[in-house]
Structure formats: C-alpha cells, structure tokens
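Colleague:
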Amino acid sequence: MTTPDKPPVRAWLPTMLLLAAIWGCSFLFISVGVRELHPAYLALGRVVAGALVLLIILAIKRESLPREPRIWAHTFVLGAIGSALPWTLFGYGEQRVPSLLAGIWNGITPLVVLPIAVLVFRTEKFTLQRAVGLLLGFVGMMVVLGAWQLHGGADLTGQLLCMAAACSYGVAIPYQKRFIAGSKLSGTALSAGLLLCATVQLAVVAPIVAGHAPPLPWSLSFEVVASVVALGALGSGIAFVLNLRIIRLIGASMTSMVTYVMPIFAIIVGVLVLDEHLTWYQPVGALIVLTGVAVSQGMVSAVRSGRRPKTPVEAGVAPAP
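In the numbering used here, the protein residues as written are 101 to 421.
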C-alpha cells in the first residue's frame, strides 16, 4: 500500500513515534505484570483486552468477523504462534532478564522470517544481499548474548526465551503471507479473530501451565492491572489502528521503519522507569542486528537507488510485541 502524494512529515511522524512508544513500552508492562501474574495468565489478560478493543472498533466500523472456516482454521494457528506462544514466552523471559533486553530481542524477528519464508513456505527467494544481512544479524545476536562469556544461569535462559518468542513471530509472519494474505477481509477483522482464537487457547492452557486458577482482578495491585489493560488495549488494539493510519498516509515500506525505533523506547523506559542497566555489548549488538535487518530488507540499496524497499509482510517486519 503506497500513496501517490507525499504528506508532510508532521502528518505522520508524531503518530509513528507514538506507535513505536506503545510497542516499545510493552516490554515494561510485561515486566510489571509478571511480578504478580503467571506469564500465561498475563498473556491471557492481554489477548482478552485486545480482542475487546478490536471488537468495539469492528462494531463502530460495522464490519464483521471472518466467516470462512478456512480463514478461521489458519487464524487459529496464527493465534497460537503469533500471540499466545510468543507473549507467554516473553513473560517467562522477563522473569529472568531486564525488559530492555526483551525489546532488543524482538528486533531479530525479520532475520528469522527470511529463512523460514525461503526454506519452509517458499514465499521468498534467497539472494547474496539477504545472506549478508542474515550473517550480520547472527553476529549481532551473539554480541547481544555476550557469547564469549556465557556461563548459563537465569540470564542466558531468559535471553533464549525471548529469542524463542521472536522466532515464533518469525514463523507467524510468512505463515500469514502464505495462507491468509490474499483474503479480502480487513486487517482489523483478521486481528480480532486471531486474538479471539488466542483467548480460547490460553483459557484452556493457562490453568494447566500455571497449576492454579487465575487470580481475581481485585486481588492484584493497580500497577499490574493497568499493565495488563495497557498491553491489550494499547499494544494489541489502539496501536493496530495507528499502524493502519500510518500505512495509509505513507505506505507500508516507510511504516516498517517503526521496527528500528521500538528498541530505543524499550531501552529508554527500562532504564528510566525500572532502573535497568545495559552492558556495553548489548546496545552494540542491537545496532549490528538492526543493520543486518536493514541490509536483508534492502533498505540500504533502496536508499542509494531511490527504489521502494520490501514491504513489512514481504520482508518480515516484527509484529506488535
């Protein structure tokens, strides 16, 4: 989706920064939520809140949910690998590592998408440029991990859990392109269906994984309840609407730049609000990873030649974290 006329920067930049801030702050909300909630119940609260917001938006727009059984079948799979699983894994990960590290790991998603799209779903072709981008991204991942000084423990486990969450996104994106990208349904309807499926899945799985019934909302602190609502209503509801607005204004290619801004907000709020700390190699590794993402997506060569780079679906831009 591109637009023939370029709107002024002031028409879209504030919205893009707000979107990046909402998605970047999601890792802060997760960190607060897991203080009192099991990660599976935190994910359940998030999908419920997000589904309610999107259903309200559908009602206002007078749109309906998907009706085809085939779409619902694929949406059920996407609800698991694109929402329920990664959001639970990020919760487990942030019990062990700072939220800002989780935000950095979310940035590797496009690097996971490419080999999955090429080797499994056959929706992309491999090129030398993409190979260089993947290699840079792998080096960046090793730097973020501090691979030269790994000794196991909670920190390594937490980082690997966050990496697994990003990998789950990496499978969901090409799956979506392969099986439902051609649907005529609006993104709002598909996303609402996805969150409803994730709600059903987590409602069944969460009590089994947690080993106990969900806590009553009034037994939780205000900070935790507010974090759950923010994750769902903002990160999975309003942010989606903002994302669509930016796409309509400047096209999907330019909108994909939000991927590069999200980790910055995750780091800023982690340091300022939660008093988290970075070691020198973590931001350095994040820059290497984002450079690899830019190379693999053709951003660098596109800037030089003036052509349009890959769109988020084609290149695998990270979804809402």
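Beta carbons are placed, not taken as given, at the ideal position from N, Cα and C, and that holds for glycine.
Note that the structure is a prediction, hence the values are computed from the model and not measured.
Please report the residue range of the alpha helix (DSSP H) in which Val-329 lies.
Modeller: 322-329
Colleague: Short check: CB of Gly-246 to CB of Thr-379, under 9 Å?
Modeller: yes
Colleague: Per DSSP, what kind of secondary structure is Lys-225 in: helix, strand or coil?
Modeller: coil
Colleague: Any contact between the region 126-143 and the region 186-193? By contact I mean 3 or more CB pairs, one from each, below 8 Å.
Modeller: yes
Colleague: Tell me which residue opens and which closes the alpha helix (DSSP H) that Lys-161 is part of.
Modeller: 139-161
Colleague: Taking 8 Å as the limit between beta carbons, can you name the residues of its chain near Ile-122, skipping five residues before and five after?
Modeller: Leu-334, Gly-335, Ile-338, Ala-339, Leu-342
Colleague: So Gly-145 and Phe-365 are supposed to be a Cβ contact under 8 Å. How far apart are they, rounded?
Modeller: The Cβ separation is near 22 Å, so there is no contact.
Colleague: Kindly indicate the opening and closing residues of the alpha helix (DSSP H) around Ile-347.
Modeller: 339-350
Colleague: State the Cα-Cα distance for the pair Glu-414 and Met-263, rounded to the nearest angstrom.
Modeller: Reliability of the predicted coordinates at Glu-414 is poor, the pLDDT of 42 falling under 50, and no value is obtained from them.
Colleague: Go through its chain and collect everything with a Cβ distance to Ile-181's Cβ below 6 Å, but skip five positions before and after it.
Modeller: Excluding residues within five positions, the ones whose Cβ falls inside 6 Å are Ser-268, Val-271, Ala-272.
Colleague: By how many angstroms is the C-alpha of Ser-286 removed from the C-alpha of Ala-306?
Modeller: 30 Å
Colleague: Within 10 Å of its beta-carbon, does Gly-311 have 16 or more other beta-carbons around it, so buried, or fewer, so exposed?
Modeller: When all chains shown are included, Gly-311 counts as exposed.
Colleague: In terms of residue numbering, what span does the alpha helix (DSSP H) encompassing His-174 cover?
Modeller: Per DSSP, the continuous alpha helix (DSSP H) segment holding His-174 begins and ends at 169-179.
Colleague: Under a CB-based cut-off of 9 Å, is Leu-228 close to chain D?
Modeller: Here there is only one protein chain, and chain D is not present.
Colleague: Judging by CA-CA distance, which residue of Gly-179, Phe-127, Val-358, Ser-183 is the nearest neighbour of Trp-112?
Modeller: Taking only the C-alpha atoms, the option nearest Trp-112 is Val-358.
Colleague: To the nearest angstrom, report how far apart Cys-297 and Val-147 are at their CA atoms.
Modeller: 9 Å
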